[in-house]
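Numbering (the working numbering), first residue to last: 315 to 618.
The C-beta atom is built at its ideal place from N, Cα and C for all residues, glycine as well.
Right, one structure below, let's go through it.
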Ligand SMILES: C[S@@+](CC[C@H](N)C(=O)[O-])C[C@H]1O[C@@H](n2cnc3c(N)ncnc32)[C@H](O)[C@@H]1O
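So, in structure tokens, the structure goes:
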């Protein structure tokens, strides 16, 4: 066993990682432990963002991340009543409830029992219009039956660590997508390989690897937009926990004040520079399967 660390800048929270059986089961167990611990500590607090956005970061950072994600996802959150939605890695259910409040019938799955317990508690309190059910399940082998009009996931596949589990997750989600349905994913997917933020529970997979996996699973990308092209936040994260807290907070606040408005205004168009991307995917027709990936992936709003 050797100690690696969580995905948050403070890196105070060591996660022990043992030898894997090769199927990723050990890493899944470690990941489950990490998310359970995080949920136990933060999920019931306030908006619950500390459990699902960057760990150890102040409220203003997590609030800004939430806003950037919400504005990027907004066009796909407007689902008609009755839409069957599968939300993967639902956390405390912040997107599930939003979709159910429009009348969608939502099934949320998450690896962590504590996230699911908190998602259920918050949903009982908020009473959305549509049904909203949560269960504990690994996205690589979702314990759900049937097909869904929308498969929705926000910053989840970036926590699926091994290439094999990632491939299985994309394939199973495709199998659960109804004909004519849409898969909406928001993930850390830099345009070039970047490993400085990788950890025992997080991997910034290059976007090319997403496109290749989508293609192999029989998905076409109908659109993809950027979320946060300003690079200072992610560049500063590895240093945040090493600085005295008042100084770290002051630098972070200054970075956010400058970058968030730029991200909000230009994020969608500066796709290539963006750390997070939204992928909107549909089943490929049999004919499209013969077309090379570069032609099949149309990227409106791309800056390259
Ligand atoms: C960054 S949080 C995002 C939560 C939620 N999507 C949101 O945006 O509020 C990642 C979530 O994915 C869950 N997760 C991580 N690995 C998973 C896996 N293999 N299967 C299912 N859920 C997973 C974690 O428990 C956690 O709730």
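Q) Tell me the DSSP bridge mates of residue 590? A) Paired residues: 502.
Classify residue 414 as helix, strand or coil using the three-state DSSP reduction. The three-state reading of DSSP puts residue 414 in helix, counting H, G and I together.
Own chain residues within Cβ distance below 6 Å of residue 474, not counting five before or after:
Sequence-distant Cβ neighbours of residue 474 in its own chain, meaning closer than 6 Å and more than five residues away, are 480, 483.
DSSP-derived helix/strand/coil call for residue 518: If DSSP states are grouped into helix, strand and coil, residue 518 belongs with coil.
Problem set entry | Given residue 502 as reference, the closest of 344, 374, 354, 383 once Cα atoms are compared | Answer by Cα proximity: 383.
Fully enclosed by the region 453–491, which alpha helix (DSSP H) runs are 4 residues long or longer? Counting only runs of 4 or more, we get 477–489.
At the level of alpha carbons, what is the spacing between residue 443 and residue 467? The alpha-carbon of residue 443 is positioned some 21 Å away from that of residue 467.
TODO: Give the DSSP-derived three-state secondary structure of residue 595 in the structure shown.
DONE: Residue state, collapsed to three classes: strand.
To which residues of the same chain is residue 398 closer than 6 Å at the C-beta, ignoring the five residues directly before and after it? The answer, listed in chain order, is 419, 462, 463.
- Query: Any idea if residue 440 is buried or exposed, counting beta-carbon neighbours within 10 angstroms, 16 or more meaning buried?
  - Reply: Residue 440 comes out exposed.
Touching by the beta-carbon criterion (3+ pairs, under 8 Å), the region 419–430 and the region 384–403: These segments touch.
Would you say residue 370 touches ligand 1, meaning its beta carbon is less than 7 Å from a heavy atom? Residue 370 Cβ: outside cutoff for every heavy atom of ligand 1.
| task | Measuring alpha carbon to alpha carbon, tell me which of 348, 544, 417 ends up nearest residue 580. | result | Across the set 348, 544, 417, the C-alpha of 544 shows the shortest separation from the C-alpha of residue 580.
Q | Alpha-carbon to alpha-carbon, residue 379 and residue 546 | A | Inter-residue distance for residue 546 and residue 379 is about 14 Å (C-alpha atoms, whole angstroms).
Inset, instruction - Rounded to whole angstroms, what's the CA-CA distance from residue 369 to residue 553? Just pull it up for me. - result: Spanning the two alpha carbons is a distance of roughly 14 Å.
Item to complete: Rank 574, 354, 588 by C-alpha distance to the C-alpha of residue 520 and give the top, closest one.
Response: Of the listed residues, the one whose Cα sits closest to residue 520 is 588.
- Going by other Cβ atoms of all chains shown within 10 Å of its Cβ, with 16 needed for buried, is residue 567 buried or exposed? Residue burial annotation: residue 567 is exposed, with fewer than 16 other C-beta atoms found within 10 angstroms of its C-beta.
| message | Under 8 Å, with one C-beta from each stretch per pair, do the region 423–435 and the region 488–500 reach the 3-pair mark? | response | No, because fewer than three Cβ pairs between the region 423–435 and the region 488–500 fall closer than 8 Å, the two stretches do not touch.
(request) For residue 385, name the three-state secondary structure that DSSP assigns. (result) In the three-state DSSP reduction, residue 385 falls in the helix class (H, G or I).
_For the alpha helix (DSSP H) containing residue 340, name the first residue and the last one._
DSSP places residue 340 inside the alpha helix (DSSP H), whose first and last residues are 339–356.
Within its chain, find whatever has a CB closer than 6 Å to the CB of residue 304; leave out the 5 residues flanking it on each side and keep chain order. As displayed, the chain neither begins before 315 nor continues past 618, which places residue 304 out of reach and without an answer.
Quiz item: How is residue 363 classed by DSSP in three states: helix, strand or coil?
Solution: Residue state, collapsed to three classes: helix.
Report task. Use the C-beta contact count for residue 344: other C-beta atoms within 10 angstroms, 16 or more gives buried, fewer gives exposed. Result -> The residue in question, residue 344, is buried, as its Cβ has 16 or more Cβ neighbours within 10 Å.
- Task: Ignore the nearest five residues each way along the sequence and tell me which others in residue 510's own chain have a CB closer than 7 Å to its CB.
- Result: Excluding sequence neighbours, residue 510 sits near 552.
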